[in-house]
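Structure record follows, encoded as structure tokens.
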Amino acid sequence: MKKLTFLLLCAALSLLSVTTQAQKFEHLAQTPPMGWNSWNKFACDGINEKVIKEVADAMSSNGMQAVGYQYIVIDDCWQVGRDSAGNIQYDAGKFPHGIKALADYIHSKGLKFGIYTCAGTKTCAGRPASRGYEFQDARQYAAWGVDYLKEDWCNTSTQNAQESYTLMRDALYKAGRPIVFSLCEWGANKPWHWAQDVGHLWRTTGDIGNFWEFGEAWDGRSGGGGVLNILDLQNGLEQYAGPGHWNDPDMLEVGNGALTPEEERSHFSLWCMLAAPLMAGNDLRNMSPVTRSILTNKDVVALDQDPLGKQCYRKSMENNLEVLIKPLSGGDTAICLLNRGEDPKKLSFSWSQYGVTGRFSIHNIWDARDQGTTDMPYTATIGRHQVILLRLKKL
Ligand code: GLA
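Heads up, the sequence shown stops at 400 in our numbering, and the numbers go up one at a time, no gaps.
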């Protein structure tokens, strides 16, 4: 009898340890997170409470919130030090009412609040980071009402990436507030192989630059790059993305002034094909009607947010014409034809050429018009750096 009680006790204890074991928060980011991040436009010096609140106001009034954008994320440079108890200190000059009040304001708009840290000893901008303070910082984020944490990888010396990010994952879990966890180690340690149980998204490359493409001298291995360079680095990673765990090709440069309207449309289309997190990186308070119409095109966003959660794959790439295919729920398929070249291209192809079998109706998303069915060959002209984005609807 004594033995039975002992065994039951052991079983109960092991059950308890299983149920309290740290894990990532499940059921978050079932579709790629959508929001805004301060870095691409405001970098270190440009952030403050006023800007962040105005950006939140803009997101809720300009149609972005209505199509699904929700996270407002402050990137590097909000932190200035630690107090004698080790608590992270925000820059009170820039955030006079504090981070909690800012999070409350953002929440009052029905939006969510994100913040940034780094797994090393200092952030990439040299601010205090989380190494050795993971649990304390996670408790602080939870107390402030943080919903999304981006953790960077600067100043990590010989740290092991998987261990470091798992430690923060466990700290967040212990703090008890569901927080989307965004890993930002630039793909250096191939997080697609191990981060599925650690975070909800992971950067796959170095930083995006505000341009279309680097010159030929760039070897593509060392960092991020322009839109096309980053696109190329996603090729083959499609098998690792799915609901709750996404490849992150970095934040958007749509609306930051360097890309032509056609390139902005292509950049946005490609990120949606990639089932990428859609973090706008421009000044939402001041954007052109074109930029706004791109960021809020709900039929394009619907490709990104498709519940099946499949990232596109490269079907072909010939003579600067790239064809990407993204399976969608309900048997639909998205096709993106991208003209990477400098001259317009005339196209004429039969659907079987791209492996499309079965019958579909064709909807041209940017032109907002139907274009017959896949029974007929498809003919079109694509301008330089432009896409044709089609939704094939199952008949
Ligand atoms: C790294 C990240 C960027 C940004 C900066 C901030 O470069 O990859 O996205 O967070 O740090 O310093």
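Just so you know, even glycine gets a beta-carbon here, dropped at the ideal spot from N, CA and C.
Any idea if residue i is buried or exposed, counting beta-carbon neighbours within 10 angstroms, 16 or more meaning buried?
{"i": "Arg208", "result": "buried"}
{"i": "Gly91", "result": "exposed"}
{"i": "Arg290", "result": "exposed"}
{"i": "Thr296", "result": "buried"}
{"i": "Pro196", "result": "buried"}
{"i": "Thr362", "result": "exposed"}
{"i": "Val392", "result": "buried"}
{"i": "Thr128", "result": "buried"}
{"i": "Lys351", "result": "exposed"}
{"i": "Ser353", "result": "exposed"}
{"i": "Lys303", "result": "exposed"}
{"i": "Met381", "result": "exposed"}
{"i": "Arg136", "result": "buried"}
{"i": "Ser169", "result": "buried"}
{"i": "Ser145", "result": "Checking the displayed sequence, the identity of residue 145 turns out to be Gln instead of Ser. That one is buried."}
{"i": "Arg270", "result": "buried"}
{"i": "Pro38", "result": "buried"}
{"i": "Asn53", "result": "buried"}
{"i": "Ala148", "result": "exposed"}
{"i": "Glu139", "result": "buried"}
Determine the DSSP secondary structure at residue i, reduced to helix, strand or coil.
{"i": "Ile330", "result": "strand"}
{"i": "Thr379", "result": "coil"}
{"i": "Pro196", "result": "helix"}
{"i": "Gln141", "result": "helix"}
{"i": "Cys277", "result": "helix"}
{"i": "Asp288", "result": "coil"}
{"i": "Glu347", "result": "coil"}
{"i": "Ala385", "result": "strand"}
{"i": "Ala176", "result": "helix"}
{"i": "Gln391", "result": "coil"}
{"i": "Lys29", "result": "coil"}
{"i": "Met69", "result": "helix"}
{"i": "Val23", "result": "Low confidence applies here, because Val23 scores a pLDDT of 47, under 50, leaving its location unreliable and the question unanswered by this model."}
{"i": "Lys114", "result": "coil"}
{"i": "Leu264", "result": "coil"}
{"i": "Ile57", "result": "helix"}
{"i": "Asp255", "result": "coil"}
{"i": "Ser357", "result": "helix"}
{"i": "Ala34", "result": "coil"}
{"i": "Ala48", "result": "coil"}
{"i": "Arg297", "result": "helix"}
Note down the Cα distance separating residue i from residue j, rounded to an integer number of angstroms.
{"i": "Gly262", "j": "Gln26", "result": "47 angstroms"}
{"i": "Ser355", "j": "His368", "result": "16 angstroms"}
{"i": "Ser357", "j": "Leu343", "result": "18 angstroms"}
{"i": "Asp109", "j": "Tyr383", "result": "51 angstroms"}
{"i": "Pro312", "j": "Asn67", "result": "25 angstroms"}
{"i": "Val23", "j": "Asp288", "result": "Legend: pLDDT at Val23 = 47, less than 50; position of this residue unreliable, value from coordinates given subsequently. Going from the Cα of Val23 to the Cα of Asp288 covers about 45 angstroms."}
{"i": "Lys398", "j": "Trp371", "result": "16 angstroms"}
{"i": "Gly204", "j": "Gln310", "result": "18 angstroms"}
{"i": "Ser113", "j": "Met69", "result": "16 angstroms"}
{"i": "Ala246", "j": "Lys315", "result": "7 angstroms"}
{"i": "Ala48", "j": "Cys123", "result": "15 angstroms"}
{"i": "Asn234", "j": "Asp255", "result": "12 angstroms"}
{"i": "Ile77", "j": "Pro332", "result": "29 angstroms"}
{"i": "Asn401", "j": "Arg364", "result": "Nothing can be reported for residue 401: it is not among the residues displayed for the chain, which extend from 6 to 400."}
{"i": "Ser321", "j": "Ile120", "result": "39 angstroms"}
{"i": "Leu394", "j": "Ser366", "result": "14 angstroms"}
{"i": "Gln201", "j": "Val56", "result": "34 angstroms"}
{"i": "Leu257", "j": "Trp191", "result": "15 angstroms"}
{"i": "Asn160", "j": "Met173", "result": "16 angstroms"}
{"i": "Ile93", "j": "Val259", "result": "33 angstroms"}
{"i": "Gly388", "j": "Leu326", "result": "11 angstroms"}
{"i": "Ser89", "j": "Ala176", "result": "21 angstroms"}
{"i": "Leu308", "j": "Cys82", "result": "34 angstroms"}
{"i": "Gly86", "j": "Gln141", "result": "14 angstroms"}
{"i": "Asp4", "j": "Gly40", "result": "The structure shown does not extend to residue 4, since the chain is modelled only from 6 through 400, so no value can be given for it."}
{"i": "Arg374", "j": "Ala63", "result": "30 angstroms"}
Where DSSP assigns a beta bridge to residue i, which residues make up the other side?
{"i": "Ile79", "result": "BP columns for Ile79 are empty, so no partner."}
{"i": "His250", "result": "Gly247"}
{"i": "Ser187", "result": "Lys155, Leu206"}
{"i": "Cys123", "result": "Asp157"}
{"i": "His460", "result": "One cannot answer for residue 460 here, as it falls past the ends of the chain, which runs 6 to 400."}
{"i": "Gln316", "result": "Paired residue(s): none; Gln316 is not in a bridge."}
{"i": "Trp41", "result": "Ile77, Ala285"}
{"i": "Gly98", "result": "Note: Gly98 sits in no beta bridge, so no partner."}
{"i": "Gly86", "result": "Gln94"}
{"i": "Ser321", "result": "Val328"}
{"i": "Ala339", "result": "Lys331, Arg396"}
{"i": "Gly230", "result": "Ile213"}
{"i": "Leu352", "result": "Ala385"}
{"i": "Pro133", "result": "Lys127"}
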